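Numbering (our numbering), first residue to last: 196 to 355.
Worksheet: the structure to be examined is printed underneath.
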């Protein structure tokens, strides 16, 4: 059993604690699915106001659902489609305060109001994306983006 001392104080401190816990969880585990599953669970447990936390893996030329926490989700997303597909196509973090204003948004869960998607790359290869959804508009900010980018960087060699 894993127990972590993760504080709910300042956001920067929260992400440092999550990153430290994720490092401990994944450091010696070579299985990509296990590492994504624990990452999704850790984020779900410690980040407030989420209704979905998980991964889409790049399989051939399509994003395919990976380990997650939350309601059942879209299984396949084309590169360039929706927030996840846009992050995959541009390889840039997508910080969307209002998903209903995002052209082409894919509503896997009608309750989602905001979304943060971070591409995960190993060198020039896109491995997949980390996807967080919230039922609260404007839930995610630049600190969330930076924290999740650090998580993606830590995970990349452990899920490649």
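C-beta: ideal position from N, C-alpha, C; glycine also.
Just so it is clear, the structure is predicted and the values come from calculations on it, not from any experiment.
Under the criterion of beta carbons closer than 8 angstroms, residue 267 and residue 249 do not qualify as touching, at roughly 11 angstroms. For the pair residue 323 and residue 293, the CB atoms are not nearer than the 9 angstroms cut-off. Contact between the stretch 233 to 243 and the stretch 307 to 318 is absent: fewer than 3 CB-CB pairs across the two stretches fall below 8 angstroms.
Looking at the backbone, the Cα of residue 313 and that of residue 223 are separated by about 24 angstroms.
With fewer than 16 other Cβ atoms from the protein chains shown falling within 10 Å of its own Cβ, residue 286 counts as exposed.
Looking at the backbone, the Cα of residue 273 and that of residue 281 are separated by about 9 angstroms. Residue environment for residue 283: buried (at least 16 other C-beta atoms within 10 angstroms of its C-beta). When DSSP states are grouped into helix, strand and coil, residue 274 belongs to the coil group. Secondary structure note for residue 257: its beta strand (DSSP E) is the uninterrupted segment 257 to 265. Taking the C-beta atoms as reference points, residue 346 is found nearer than 9 angstroms to residue 325. Of the candidates 275, 219, 258, the residue whose Cα lies closest to the Cα of residue 349 is 219.
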